[in-house]
Every structure is written in C-alpha cells, then in structure tokens.
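Visitor:
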Amino acid sequence: MSRRALISGLMPFAGLACLVAWPLVFNSPYDLRVFTLVGIYSILVLGYQFIFGHAGALALTQGAFFGIAAYVTGILGAKFGWSFPVTFPLSIVAPVLVAVVVAIPVLRLESHYFALATLGIAQVALLIAIKWESVTGGANGLAGVPGIGAFGLVLPRGYPTLAFVWGIAGVCALVAWWLMRSLRGRAFQLMRTSELAAMSIGLDTARLRFLAFLLSAAFAGIAGALHAHTLRVVSPEVLEFHVMVTCLTMAVIGGRTRVVGAFLGAFLLVQLPEWFRFLEHYYLIAYGGALLAMIIVAPDGLVGLLDRIGARLGLRPRHTLPAPVPLPSAAPEDVTAEVPLLSVNGLTKRFGGVAALEDVSFQVDRGEIVGLIGPNGSGKTTLVNIVTGLTPADAGEVRLMGQDITHDPAFRIVQRGVARTFQLIELVDDMTCLENVAVARLTKLGAGFGRSRSPTEVDAPFGLAKRQAAHLLERLGMLEAAFEPAGNLAQGLRRRLEIARALALEPRLLLLDEPAAGLNEIEQQDLAIRLKGLRTSGLALVVIEHNVPFLMAIADRLVCLNAGRVIAVGKPSDVRADPNVVAAYFGAQPADGLP
Amino acid sequence: MRYSWLTGLAALLMLSPVHAQQSAPAHVGIPVLVPITGFLSLEGTSQRNGAVLAIRNAPPNLRVQYDVVDTSVSPEGAVNALERALDRGSVSAVVASMLGTQMLAMLPIALERKVPLITVSGTAQITEMGNPYVFRFFPGDDVTKVAHVRYAVEELGLRRLALVYQTTAYGQSGRRHIVENLAKHGLSPVFEEALEVQVRDMLPVLSKAMAANPDGILIHLHSGPTALFIRQAAAMGVGIPIIAGSAMHQPPTAALLEPEELRGVCAEANASPVSGGTPEMERFLQQYREMFSVEPDGFALGQYDGTMMVLEAVSKGARTAAEVARALADMRYEGIAMTYKSDGRGNMAHSAVIMCFDGRTRVPKVVKRYDNITGALTP
Numbered sequence: 001m002s003r004r005a006l007i008s009g010l011m012p013f014a015g016l017a018c019l020v021a022w023p024l025v026f027n028s029p030y031d032l033r034v035f036t037l038v039g040i041y042s043i044l045v046l047g048y049q050f051i052f053g054h055a056g057a058l059a060l061t062q063g064a065f066f067g068i069a070a071y072v073t074g075i076l077g078a079k080f081g082w083s084f085p086v087t088f089p090l091s092i093v094a095p096v097l098v099a100v101v102v103a104i105p106v107l108r109l110e111s112h113y114f115a116l117a118t119l120g121i122a123q124v125a126l127l128i129a130i131k132w133e134s135v136t137g138g139a140n141g142l143a144g145v146p147g148i149g150a151f152g153l154v155l156p157r158g159y160p161t162l163a164f165v166w167g168i169a170g171v172c173a174l175v176a177w178w179l180m181r182s183l184r185g186r187a188f189q190l191m192r193t194s195e196l197a198a199m200s201i202g203l204d205t206a207r208l209r210f211l212a213f214l215l216s217a218a219f220a221g222i223a224g225a226l227h228a229h230t231l232r233v234v235s236p237e238v239l240e241f242h243v244m245v246t247c248l249t250m251a252v253i254g255g256r257t258r259v260v261g262a263f264l265g266a267f268l269l270v271q272l273p274e275w276f277r278f279l280e281h282y283y284l285i286a287y288g289g290a291l292l293a294m295i296i297v298a299p300d301g302l303v304g305l306l307d308r309i310g311a312r313l314g315l316r317p318r319h320t321l322p323a324p325v326p327l328p329s330a331a332p333e334d335v336t337a338e339v340p341l342l343s344v345n346g347l348t349k350r351f352g353g354v355a356a357l358e359d360v361s362f363q364v365d366r367g368e369i370v371g372l373i374g375p376n377g378s379g380k381t382t383l384v385n386i387v388t389g390l391t392p393a394d395a396g397e398v399r400l401m402g403q404d405i406t407h408d409p410a411f412r413i414v415q416r417g418v419a420r421t422f423q424l425i426e427l428v429d430d431m432t433c434l435e436n437v438a439v440a441r442l443t444k445l446g447a448g449f450g451r452s453r454s455p456t457e458v459d460a461p462f463g464l465a466k467r468q469a470a471h472l473l474e475r476l477g478m479l480e481a482a483f484e485p486a487g488n489l490a491q492g493l494r495r496r497l498e499i500a501r502a503l504a505l506e507p508r509l510l511l512l513d514e515p516a517a518g519l520n521e522i523e524q525q526d527l528a529i530r531l532k533g534l535r536t537s538g539l540a541l542v543v544i545e546h547n548v549p550f551l552m553a554i555a556d557r558l559v560c561l562n563a564g565r566v567i568a569v570g571k572p573s574d575v576r577a578d579p580n581v582v583a584a585y586f587g588a589q590p591a592d593g594l595p
Numbered sequence: 001m002r003y004s005w006l007t008g009l010a011a012l013l014m015l016s017p018v019h020a021q022q023s024a025p026a027h028v029g030i031p032v033l034v035p036i037t038g039f040l041s042l043e044g045t046s047q048r049n050g051a052v053l054a055i056r057n058a059p060p061n062l063r064v065q066y067d068v069v070d071t072s073v074s075p076e077g078a079v080n081a082l083e084r085a086l087d088r089g090s091v092s093a094v095v096a097s098m099l100g101t102q103m104l105a106m107l108p109i110a111l112e113r114k115v116p117l118i119t120v121s122g123t124a125q126i127t128e129m130g131n132p133y134v135f136r137f138f139p140g141d142d143v144t145k146v147a148h149v150r151y152a153v154e155e156l157g158l159r160r161l162a163l164v165y166q167t168t169a170y171g172q173s174g175r176r177h178i179v180e181n182l183a184k185h186g187l188s189p190v191f192e193e194a195l196e197v198q199v200r201d202m203l204p205v206l207s208k209a210m211a212a213n214p215d216g217i218l219i220h221l222h223s224g225p226t227a228l229f230i231r232q233a234a235a236m237g238v239g240i241p242i243i244a245g246s247a248m249h250q251p252p253t254a255a256l257l258e259p260e261e262l263r264g265v266c267a268e269a270n271a272s273p274v275s276g277g278t279p280e281m282e283r284f285l286q287q288y289r290e291m292f293s294v295e296p297d298g299f300a301l302g303q304y305d306g307t308m309m310v311l312e313a314v315s316k317g318a319r320t321a322a323e324v325a326r327a328l329a330d331m332r333y334e335g336i337a338m339t340y341k342s343d344g345r346g347n348m349a350h351s352a353v354i355m356c357f358d359g360r361t362r363v364p365k366v367v368k369r370y371d372n373i374t375g376a377l378t379p
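So, in structure tokens, the structure goes:
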C-alpha cells in the first residue's frame, strides 16, 4: 500500500480519534453540554440531508419536526410523568405522522412553492404551541422535562448524557451512511441533479422524495426529543424559524450530502457563537463574518473543502474496475409478434392555442430503427415526451406491445421497457461514468442495506449493478472512462454514456433525442455502428435527428413531422425525396431532394 | 521633626498588617447573563447597565469580577452562558436574563449548582417552582396588574375596558392577571385581542376595540408595539384613557412618540427613574446618564437594586453562593425603587407605581404608588 493510500485510509480513524478526544480535553460541564448539543444537532442535520441534500428539496419543516418532537417529549414527560422508553419512540413517531399528512399535498409542489408551503406548516405548529396553553404551556412552554432515564434512574448530566447522545448520533450516522452508500443513494443523487433523468430510468421520484421526507422527520424527532431531555425545558423557541435556519446553515456549511458534513456543520455552528461570546454586542458580526468567509472559502461545504485539499495532496481513493457482467437475457415476450412493439394512434397535444401534435399515428416494430425527422418545432420532442410519459397527451393513445400506456406515469413506462436519452444530455456530472450507468439498474435489481450480507458490503445489488454497468460501458467502448466523473467527458462520450444508461434499463424500445448532435464525423460513424449493433438483440430504436445523412445510414424507416402532423412515412430514400418533406424543410423543392 | 517622621513611619509599618487584614477586599463573582441581542435587547441592555452600575458602586471591601455574556433569546443560549459562567471561577450570584423561557431553562442548573439567579423577569412561573435560588427584583404581574387595574377602575372610574395584549409569555401572563383583577371588581373586558409581536398596523385592532364602545383601553404590549399602538390611537383620536403596561415607562418607548401623542397615556412599572423624586433616585439617574449616555428605566433600576442587595449580602459576610442565596431569602433591603423582601418564593418586589404623561414632555410623572401589594413586607 502506498504512503498516500495509507494516509487516505487513516483519515476516518483520525477524525474519529479527534471526536473522542475533544470531550476528554474540553471536559468542563459547560464544554460537555455544548458538545452534547453538537451531537443533537448532528442528528438533526443528518435527517435534513435526506430531504434537502439527497432529495434536493428545500423543505423548511425540519425545525418544526424538531420542535414537535421536543413538545411531545415535554408534554408526556413534564405533564404526565412518562419516562424515556415511552416518550422517545412517541417523539419520533409524532413528526413522522405529521410528515405523512403534510407530504400528501405538499410534496407535489415545485421548488419555491414547496419551500413556502413547508414554512407555513412550521408557522402553524408554532401558533399551536403558543395558543394551546393548557397543553403546551403557551408562550412560557413547559419546564421540568425529566432527564434521559428509565425505571427511576436518570442519566446524570456530563459524560453519561454526552455518551448516550453521541451513541445515538453514531447509530444515526451509520444508518444514513448505509442508506446513501447504496444504489438508492445514487438514485437520490440522480433525482437531485435531474428529475427528468431520474424519471427516465424508471424512478418513482415522488416516492423517493416521500421516503426522504419521512426519514428527515424521524431523525428530527430523535434530535428534538434529546434536546428536550438535555435542556429540561420546552418553549416555542424550538419551533421558531431560527432553528430551521440554523439547521439549513449547518447543512450548507458542513456539506449537504455527506455524513461527516452533518457533524462538521453542527460542530462549527454550535461552537462558533460560544467562541465569540466575549465580544458582547459584536459577536453576531464576528459570527456572520465567519460564516460568510466559510461560504466563500468552501462553497461546497467543509466536506467539499476537505475533498479539494485531499485531491491536491493526491489522497484520492483508488478504484478497482469491477469485472464486467452481461445483463440477463430478455424474458420471452407474452404477446404475439404480430402486435407492433410501439403503436401511436391519433396522438394530439396542444399548448394553449399551439398545436404541437395533431392526430399523429405511426408504428415501430421489434428490431427496427425508425428515424424521426422534421424541422424545428415540428413536435418531435413532444412526441417522445408523450410516449415516455413526461407529457400527457390531450387525445389519442400510445400502445406498447398492445398495452395502452398513454396514461401511465413515466417510471411505469420505463419499467415496461421504454428508455430514452435527451436532446440536452441529462447526466450527473459529479458521479463517475460507472455509477451513472449503475444507478439505472435500481429498478431491476432493487436496493437497500437490508439486502447486504455484511456491513462492509453496503449494498449487494450495487456491486452487481456496477459490474453490469462496466459491461455496458465496454459495449459502448468507454470502459477506460469508468471512474471519470461524467462532467469531465467530451460530448461524444457523454452521448454514449447516456445511451449506456438507457441500455441498463434492458429496454425493448429506445428513443434517442438527437444523439449525433455535437459529434464530429468520426464520432458519428462510430455511434452509427454501435446503434445498428443494438438492434441485433431485438431492440427497437426511434431516433430523432436533424442530421439526415446520419439517419440514412442507420434507419429502416423515416417518419417526418411538420407542424405537429405526420407528412411522410416510409423508407429513408422515399421520405427524403418526398416533395412534402422537402417543402417542409426548404419551403420549395430543390432539384435533388434533402441533402 | 525628624523623630516625628520616623515615629509616623514606624506607626504605619506596625499598623499596616492589621490594616491589610481588616480591609483585604472580598472577591465576588457576578456574571451578567442577559439578552443584549434579539427582540429583548432594549430591556436586556437596561438589565446589563443596571447590574454594571451596581458593580461599579460596590462597597469598598469587595472586589467584583464580572463578565457580560449575551444570552440572546433562546433557552439554549442562556443555559450555555450559565454553564460557561459557572465553570469560569467562583460565582456568588448570577444576573440572569429577564426572558422567562430562559429563566425556566436556567433554574434546574441554578438548583443543581446552588447559585442564586438575580433577575427582573416578570414571568410568574419562575418563582412558582419551589426553586430557592431565584430572586426577582421586578414586581410580577400579580403586583403590577393589581396597580394597573386598580388605577383604571378606582382612580379613573372606568368600567368598560378593552384589553389588547401580546401573544408572548409576557402578554399571556399579563392578560391572565388583568382579567383576574377586573373580575375582583366585578368587571370583564368588553373587548380582548392578542397581537403578534410582528404586527405593525394597529388600526384593525383599534377599530375593533372602539366598536365595542369601551371607556378605556388597557394594553399589555412590548415596547415597539406599545409605541405603535399609542401613535395610531392618537392619530385615530380615540379620546379615551389608555393605561399601558410596563413597556411604556421605558424612555426608548417614549422617545418613539411625540409628547402630544402621549397626552393622557398612563403606564404601570416598578418605578420611573427619569421622573426622579428622591435624592437616591436623582443620584442613580445622574450616574446612569454619565456612564451609559442613555436614560434608565425600571428594569435597570430593579437590576441595580437587586445587584446592590447581593453585594450588601456579601459585604455582610455571605461568602459562598449558597450563603448569598440564604441572605437574600432572609434580608430586607431598602433599594432606590422600593423595599425588597422575599415572599418566601423569591419574589422580592411588592410595589408598583402608575405614571402618566402630560402631553408636554416625554418624562412621565408618578401619579400613584401602590406599596406592599402582596403583603410580604408586613412584619
């Protein structure tokens, strides 16, 4: 093992040693209390990373979940005298139940509407806490919350409470790490970067976001309960917006998606005001200045900064290429070969007064390559979006192997065997090529730490997915770029990578939106050869392309759209010479048809 | 001449150890943990100033060490500040935040570490928990609201009172005591509404209150909302008496209003330092102005008196924090604002005053004094 690899391998242990050493060195009751709070906030941020970091949704409910759990602990502990073994699970369940109720209307909302709606929920919780005096103690809150304990024994403050809180923080960290190291973790990464791409590989993004929301609520519940036990008081301040802002800042400063980022963010944000307290009135200026400096120096969070430093020192992890494994053979189809693979009948779509598609009909057979051409704005991409479920049709139907898929959600259509690529490439730039492809195996292989055979295996399906991804990369001639981040690739390789990801879905039908765009002639020839090679396994392709010579080389048939209508269908040479097609492109017929 | 000089020197040398032994100053640690940022920064700064001035005026046989630490407005911030202060050396007493939720969070630690908390918090609950280490030097709502209601009913003869209060702990506690005291006079508010601290437009609540045809308005709001309410009431020309809570007695609140807008407005408080009245009060006023270049309010004076009482207890021999707590529980202290004595639960202040503005100046006049309302001062 090289020296750098050794250093890289020892880094986590060094971090752990620092973590253990801190409370041993700084061991006054005050220091131990502050460090206990660091543990509590770490749990809160670990939870927030699920919805904000991994799912990419700016939820402003984490503070409310935290406060709700604190109030449940406070009410049950201070008013009813219930002990920790009862109040703790209930304090976790309560915010999760609230999250379930809230998720139904709120998770459908987009970006800033979602943020506003979640903020509204936090405000409602705060109002209830203030107004429902008989239960919540009103604006004064509830004092006399018991400490952590059971059967008449209460954990003393100081080391015992600290050890307990950090023990739970450790378990939470392990769970978060396990979950996000899995194939599902990569799915979250894809969803965060491009929801379109996530849907295109068959991910039910609404379900993923729901799962993240519930996890964030559960972790906030743990943190809120521990906070109430540590502070022994619950008051409306725990539901106020500053808790949410603190949590958000911790996540941003520490790092949105990495476990260690949650701990770093919590440590810094809890300790920093304490370090500056001696400045009296001016400590907030120093605190704000320090945070601003942090954001400038480490825009990707402290974890990102450490990564950059590690990369400069040559401490990048070394990768071993997994042995390629072919995808399993396709199962026999349960329909007769007479039924076309894809049948589009009378498809119509309007955007306001503009008819994007008007009574479009055509078919695609197994193993066939169909080129879809037409001038800009003719409706090609709209057609592909409707077939893949991203855009609903106004009228008409889409059938796959005879089954109506017109109203199926996008992820279901993918699961039925339809894959696609995009005109503007949708990849996760900071994910390796191997992982970009492997993530598409999620729906076929499943995922989760429950499937692991040992803690170090993390996620058995992920291992297989990577080996299958290696096979696909090899098939598309880019295995050597397996560990390269997708963002570093040239345009031609990015196109191929997107096709590899689509192939990982084991599709029956592959729709490619301008695959040759931006490629030089050699790359186009190479791509043409590879696409023709794909149909040997019975895969059908629909290729949108402006580059007619490229299509002429690979397509069995062409379908030409103009102003949302099919104006020609047939062999490429026939369509190319069709006067309507030529007129659509040039407005008048040139002597030798389309170039 | 030469002999007399030597004799003098010898006498000095002989006396000096004895003198040193008699006058070695006792060390006193009094951390000042108050909210000097956040929505209570105005009141918290008054607390700080009152405590710091008292420490500067400490008896000469005491050497006082103090740090001012901002608790902001979260219970967590207050608890951290308290733990930190207690870890940093010997502490005789702590000047503690006037924010009730912060006090409630600090109380278990004070009990565990046996350190008295000296505060001007008005939250009733802090002295209702049986904690022997809390001492409140500002009359609680059980005192001030008696004066508030009695003045309105007995002195002004009002019967149809509207009540506007804040949704905070301060507001909820004040509202409860006002309603209880009105009931003792056989009255109930003809209109009631709670306002968020963020509410800026008072016209809706004023309009609703006036629609109930009141003959007076009792308000129990924080400083900013109090000024906004009175300004908009003056602009609206409500023409009925407004008797405000203690926030109105604060000079910064009055500074937000024109004297004419204040005409006829009254307020309750523990005292009105800017109004002067006694030589001790005048001296306090002068020192405070010189030291901080601002006008003092009742919170500053309450905290001053409380801190001075602690210093007197130490000066009289209380050395440990527990001894200070015992002394505070037993002593009777003549402060500048009033006479202080514990009622057995840590409530030290039992008097309140009503002050009114005449419309010509922002300095109110004390028009009525209510002493020993709780009866705790009665031997």
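Chains A and B are the protein sequences, given in the same order.
For the first sequence, counting from 1, position 106 maps to 106 in my numbering; every step adds exactly one.
For the second sequence, counting from 1, position 77 maps to 77 in my numbering; every step adds exactly one.
Virtual Cβ for every residue (Gly too), placed ideally from N, Cα, C.
Bear in mind the structure is a predicted one, so any value in this text is a computation, not a measurement.
#1: Is there a C-beta anywhere in chain A that falls below 9 Å from the one on residue 378/B?
#2: If you pair each beta-carbon of the region 148-164 of chain B with each one of the region 129-137 of chain A, do three or more pairs fall below 8 Å?
#3: Could you tell me which of 248/B, 147/B, 59/B sits nearest to residue 297/B, measuring between CA atoms?
#4: Between which two residues does the alpha helix (DSSP H) carrying residue 535/A extend?
#5: What residues of chain A sit near residue 305/B, judged by a beta carbon separation below 7 Å?
#6: Tell me the rounded alpha-carbon separation between residue 449/A and residue 77/A.
#7: Are the CB atoms of residue 44/A and residue 220/A within a distance shorter than 9 Å?
#8: Helix, strand or coil, according to DSSP, for residue 12/A in the structure here?
#9: Does any C-beta atom of chain C lie closer than 9 Å to the C-beta of residue 141/B?
#10: Examine the Cβ distances between the region 428-438 of chain A and the region 482-497 of chain A and report whether three or more of them are shorter than 8 Å.
#11: Starting from residue 562/A and walking both ways along the beta strand (DSSP E), at which residues does that stretch end?
#12: With distances taken Cα to Cα, identify the nearest neighbour of residue 118/B among 357/B, 371/B, 309/B.
#13: Considering only the alpha carbon of each residue, which of 154/B, 207/B, 188/B, 259/B lies closest to residue 360/B?
#14: Does any CB atom of chain A fall closer than 9 Å to the CB of residue 189/B?
#15: What does a CB cutoff of less than 6 Å around residue 353/A pick up in its chain, not counting 5 residues either side in sequence?
#16: Apply the 10 Å Cβ neighbour rule to residue 551/A and answer buried if 16 or more other Cβ atoms are within range, or exposed otherwise.
#17: Within 10 Å of its beta-carbon, does residue 275/A have 16 or more other beta-carbons around it, so buried, or fewer, so exposed?
#18: Could you check whether the Cβ of residue 227/A sits closer than 9 Å to any Cβ belonging to chain B?
#19: Report the rounded CA-to-CA distance for residue 209/B versus residue 262/B, giving the unit in angstroms.
#20: Are the beta-carbon atoms belonging to residue 263/A and residue 163/A less than 9 Å from one another?
#21: Run through DSSP, which three-state label would residue 510/A get?
#22: Mind checking if residue 375/B is an interface residue toward chain A, Cβ cutoff 9 Å exclusive?
#23: Do the region 203-221 of chain A and the region 79-88 of chain B meet, that is, are 3 or more Cβ pairs less than 8 Å apart?
#24: Look at the Cβ atom of residue 514/A, then the Cβ atom of residue 423/A, and state whether they are nearer than 9 Å.
#25: Span of the beta strand (DSSP E) holding residue 267/B?
#26: Could you give the DSSP three-state label for residue 541/A: helix, strand or coil?
#27: Taking three-plus beta-carbon pairs below 8 Å as touching, is the region 322-331 of chain A in contact with the region 401-410 of chain A?
#28: Of the residues 320/B, 283/B, 159/B, 179/B, which one's Cα is nearest the Cα of residue 240/B?
#29: With a Cβ-Cβ cutoff of 9 Å, do residue 346/A and residue 426/A count as a contact?
#30: Quick one: Cα of residue 98/B to Cα of residue 122/B, how far?
#31: Using only CA atoms, which one of 225/B, 227/B, 223/B, 206/B lies nearest to residue 217/B?
#32: For residue 373/A and residue 382/A, what's the separation of their Cα atoms in angstroms?
#33: List the DSSP bridge partners of residue 343/A.
#34: Please tell me whether residue 233/A has its Cβ less than 9 Å away from any Cβ of chain B.
#35: On the DSSP bridge list, what partners appear for residue 163/B?
#36: In angstroms with no decimal places, state the Cα-to-Cα distance between residue 186/B and residue 135/A.
Guide: Reading it off the structure:
#1: No, residue 378/B lies away from the interface with chain A (no Cβ there is under 9 Å from its Cβ).
#2: Three or more Cβ pairs closer than 8 Å define a contact, and the region 148-164 of chain B falls short of that threshold against the region 129-137 of chain A.
#3: Closest option to residue 297/B, Cα to Cα, is 248/B.
#4: For residue 535/A, no alpha helix (DSSP H) encloses it, and the DSSP letter there is neither H nor E.
#5: Near residue 305/B there are no residues of chain A at all, since even the closest Cβ is about 23 Å away, more than 7 Å.
#6: For residue 449/A, the predicted structure reports a pLDDT of 45, less than 50, and the residue's modelled location is therefore unreliable. A value from the coordinates is still provided. The straight-line gap separating the alpha-carbon atoms of residue 449/A and residue 77/A is approximately 34 Å.
#7: With contacts defined by Cβ atoms closer than 9 Å, residue 220/A and residue 44/A form a contacting pair.
#8: Correct three-state label for residue 12/A: helix.
#9: Looking for chain C here will not work: the only protein chains present are A and B.
#10: Output reads yes: the region 482-497 of chain A touches the region 428-438 of chain A.
#11: For residue 562/A, the enclosing beta strand (DSSP E) covers residues 557-562.
#12: Out of 357/B, 371/B, 309/B, 309/B has the C-alpha closest to the C-alpha of residue 118/B.
#13: If we check each option's Cα against that of residue 360/B, 259/B comes out closest.
#14: Not one chain A Cβ lies under 9 Å of residue 189/B.
#15: Here the set comprises nothing.
#16: The residue in question, residue 551/A, is buried, as its Cβ has 16 or more Cβ neighbours within 10 Å.
#17: Classification of residue 275/A: exposed, given that the 10 Å Cβ count is below 16.
#18: Interface criterion met: the Cβ of residue 227/A is under 9 Å from a Cβ in chain B.
#19: Roughly 19 Å between the two C-alpha positions.
#20: With contacts defined as CB atoms closer than 9 Å, residue 263/A and residue 163/A fail to qualify as a contacting pair.
#21: In this structure, DSSP gives residue 510/A an extended state, which the three-state scheme calls strand.
#22: The Cβ of residue 375/B sits no closer than 9 Å to any Cβ of chain A.
#23: No, the region 203-221 of chain A does not touch the region 79-88 of chain B.
#24: Taking 9 Å as the Cβ cut-off, residue 514/A and residue 423/A qualify as a contacting pair.
#25: Counting along the chain, the beta strand (DSSP E) containing residue 267/B begins and ends at 265-269.
#26: DSSP places residue 541/A in strand when its eight states are reduced to three.
#27: With a cut-off of 8 Å, the region 401-410 of chain A and the region 322-331 of chain A do not count as touching, because too few Cβ pairs lie within range.
#28: Ranked by how close their Cα comes to the Cα of residue 240/B, the residues 320/B, 283/B, 159/B, 179/B have 159/B in first place.
#29: Residue 346/A places its beta carbon 9 Å or farther from that of residue 426/A.
#30: Rounded to the nearest angstrom, the two C-alpha atoms are 7 Å apart.
#31: Comparing Cα-Cα distances from residue 217/B to each of 225/B, 227/B, 223/B, 206/B, the minimum goes to 206/B.
#32: Their backbone Cα atoms lie some 13 Å apart in a straight line.
#33: Note: residue 343/A sits in a beta bridge opposite 363/A, 399/A.
#34: Nearest CB-CB separation between residue 233/A and chain B: below the 9 Å threshold.
#35: In the DSSP output, where bridge partners are listed per residue, residue 163/B has 192/B, 218/B.
#36: For residue 186/B and residue 135/A, the distance between alpha carbons rounds to 29 Å.
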